[in-house]
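S.K.:
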Amino acid sequence: MLLRSAWLLTGNWTSAEDLVQTALLQSWLHWDAIRSDAPEFYVRRVLMNTFLNGQRRRWTRESPVAVLPDRAAVDELAATELRHVIWSALSGLPARQRAVVVLRYFNDLSETQTARVLDCSVGTVKSQTSRALDKLRLVPELQSLLEEVGHE
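With my numbering, letter number 143 in the sequence shown gets 127, and the count goes up by one each step, no holes.
1. Mark Asp2 as exposed unless 16 or more other C-beta atoms lie within 10 angstroms of its C-beta, in which case mark it buried.
2. Have a look at Asp118, Leu117, Ser75 and Arg28 and flag the residue whose alpha-carbon is nearest the alpha-carbon of Arg100.
3. Return the CA-CA distance between Glu24 and Tyr89, expressed in angstroms with no decimal places.
4. Following the continuous alpha helix (DSSP H) through Leu87, name the residue where it begins and the one where it ends.
5. Quick one: give me the first and last residue of the alpha helix (DSSP H) that Met32 is part of.
6. Which stretch, first to last residue, makes up the alpha helix (DSSP H) that contains Trp12?
7. Tell me which residues share the same chain as Ala79 and place their Cβ nearer than 6 Å to its Cβ, disregarding the 5 neighbours each side in the sequence.
8. For Val106 and Val84, which I take to be in contact (beta-carbon distance under 8 Å), what is that distance rounded to the nearest angstrom?
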């Protein structure tokens, strides 16, 4: 779940792995401060704060390249296209709105849980979600994808 969220925030697996590694390390260093009833919220919050606070600046200057196979299967191509469309749509959002969308719709958190992770009010989550969805509705590739899947 953390790696998927980090990928949705950063747009590539290498940066996502770095972000998760940083979040887990920071969580481990402060493990005594974590309430035993909700460690997953603490770790998720560290992940989002690391992303939002710009500690990933060094990652944005890097251009990691994965080794690609000579040929991809049809299903792999479709999955790659889907990931590209989703990332392209999310990358057009400001970081805070992207974080809200990832938490709400890819991690299935409630507005209250999202507010808790991001340390903001539920009203802020609602307004950021609304603004993000308004922007995402304007992305033609995403709309085409939703029509193909039947979720318009």
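Cβ coordinates follow ideal geometry from the N, Cα and C atoms, glycine included.
Because the structure is a prediction, the values reported are computed rather than measured.
M.R.: Per the coordinate set shown:
1. As a working note, residue 2 is residue 18 in the sequence shown. Classification for Asp2: buried.
2. Counting from 1 along the sequence shown, the entry for residue 100 is found at position 116. The alpha carbon of Arg100 has as its nearest neighbour, out of Asp118, Leu117, Ser75 and Arg28, the alpha carbon of Arg28.
3. Counting from one through the sequence shown, the residue named residue 24 turns up at place 40. Counting from one through the sequence shown, the residue named residue 89 turns up at place 105. Take the alpha-carbon of Glu24 and the one of Tyr89: they are about 17 Å apart.
4. In the sequence shown, residue 87 corresponds to position 103, counting from 1. From DSSP, Leu87 is part of no alpha helix (DSSP H); its letter is neither H nor E.
5. Reading the sequence shown from its first residue, position 48 is the one you call residue 32. Counting along the chain, the alpha helix (DSSP H) containing Met32 begins and ends at Pro23 to Leu36.
6. Taking the first residue of the sequence shown as 1, we reach residue 12 at position 28. For Trp12, the enclosing alpha helix (DSSP H) stretches over residues Trp(-3) to Leu13.
7. In the sequence shown, residue 79 corresponds to position 95, counting from 1. Closer than 6 Å at Cβ, skipping near neighbours: Leu36.
8. The residue you call residue 106 lines up with position 122 of the sequence shown. The residue you call residue 84 lines up with position 100 of the sequence shown. The distance from the Cβ of Val106 to that of Val84 is about 11 Å, inconsistent with a contact at the 8 Å cut-off.
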